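Per the numbering used here: the sequence shown = residues 61 to 172. Cβ coordinates follow ideal geometry from the N, Cα and C atoms, glycine included. Computed from a prediction, not measured in an experiment: that's the story for all the values here. First comes the structure, then the notes that go with it.
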Amino acid sequence: MLFVQYTVLGIFFLMELSALAAFSYWGFHLNRGWFIKILLGIGAPLLVAIFWGTFIAPKASIPVSIPVRIILQLIIFALAIAALYFSSKSMLAVVFLVVVVVEMIIMYSMGW
C-alpha cells in the first residue's frame, strides 16, 4: 500500500512540474516580441509556482481547506491544459486532462 501511495504522490508531483512546463511553453511560443515571450515564458510559471507554494503545497504558508485546495489545483491544471491547447498542442492537452482527472480521483478518493 505504501508503494501505491508513493507512486500516486510521485505522479502528482510530475503533474505539477508538467503544468509549469506547459505555462513556460505557452509563454515562449506566443506570437509576440521577444521581450513578451521571455517575460511570459519565465514569469507565468514563476507566478504559478509562487501561488502553488503559498496556498496549495503540503507545507503552504497560507494553508487552505481540502475542498478549496482541490478547486485551486483544478484551476491551475485547467489553465495549464488551456495553455497547451492554445499552443497548438491539443493532443497533449487531452492526454494531460485525462491524467489530471484520473490522478485527482485516485488521490482524493484514497484520502491523501
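Can you tell me the Cα-Cα spacing of residue i and residue j, whole angstroms?
i, j, result
"E163", "Q65", "12 Å"
"F88", "V108", "16 Å"
"L158", "M75", "Note that residue 158 is Val in the sequence shown, not Leu. Each residue's alpha carbon lies about 11 Å from the other."
Helix, strand or coil for residue i? Go by DSSP, reduced to three states.
i, result
"M61", "coil"
"P105", "helix"
"S121", "coil"
"M170", "coil"
"K97", "helix"
"L90", "coil"
Identify the continuous alpha helix (DSSP H) that holds residue i and give its terminal residues.
i, result
"R129", "I126 to F146"
Given a cut-off of 8 Å on the beta-carbon distance, is the pair residue i and residue j in contact?
i, j, result
"F83", "A140", "yes"
"V194", "F146", "One cannot answer for residue 194 here, as it falls past the ends of the chain, which runs 61 to 172."
"A143", "W94", "no"
"I131", "Y168", "no"
"L80", "P105", "yes"
"L90", "I96", "yes"
(request) Give a yes or no on contact between the segment 145-156 and the segment 109-118, applying the rule of three or more CB pairs nearer than 8 Å. (result) Taking a cut-off of 8 Å on C-beta distances, the segment 145-156 does not touch the segment 109-118, as fewer than three cross pairs fall below it.
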